[in-house]
Amino acid sequence: MEKSEIVKDLNALFKKRSEFYSFFDENIEKLKNTEVFDFKNAKDLNAQEMYKRFYHYDYAIRKILPAIYKAYKITSADLEKDF
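Just so we're aligned: 84 in my numbering is position 77 of the sequence shown, and the numbers increase by one with no gaps anywhere.
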């Protein structure tokens, strides 16, 4: 995979991460004077919308992983996957 493709995938990953956390920002207040989400007092989130945003973020991560594995010669034996 060329560097330009990896950079493109990384930028897509960062964008999806931002969108994922923006969903939290829009739906969950933060504890006073902090950047910590107040999950205890949060309203119920739309599970379908939450999953959609997580899925896109997760997909962006999975898309870039093969290039990272190749660049650092990482094999399945090196990893402790729980999925």
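Beta carbons: idealized from backbone N, C-alpha and C, even for Gly.
With a cut-off of 8 Å, do at least 3 Cβ pairs link the region 58-65 to the region 26-43?
Verdict: yes, contact present.
Could you check the C-alpha separation between lysine 10 and asparagine 18 for me, to the nearest Å?
In the sequence shown, counting from the first residue as 1, residue 10 sits at position 3. In the sequence shown, counting from the first residue as 1, residue 18 sits at position 11. Answer to the nearest angstrom: the Cα atoms are 12 Å apart.
Is it true that the CB of phenylalanine 44 sits closer than 8 Å to the CB of isoleucine 35?
Locating residue 35 in the sequence shown gives position 28, counting from the first residue. Locating residue 44 in the sequence shown gives position 37, counting from the first residue. In contact: isoleucine 35 and phenylalanine 44 (Cβ atoms closer than 8 Å).
Give every residue of the same chain whose Cβ lies closer than 6 Å to the Cβ of alanine 49, excluding the five residues on either side of it in the sequence, and list them in chain order.
Working through the sequence shown from its first residue, we reach residue 49 at position 42. Correct list, in chain order: Ile35.
Select from Thr82, Tyr79, Glu87, Ala74 the residue whose C-alpha is nearest the C-alpha of valine 14.
Locating residue 14 in the sequence shown gives position 7, counting from the first residue. Valine 14 has its Cα closest to that of Ala74, out of Thr82, Tyr79, Glu87, Ala74.
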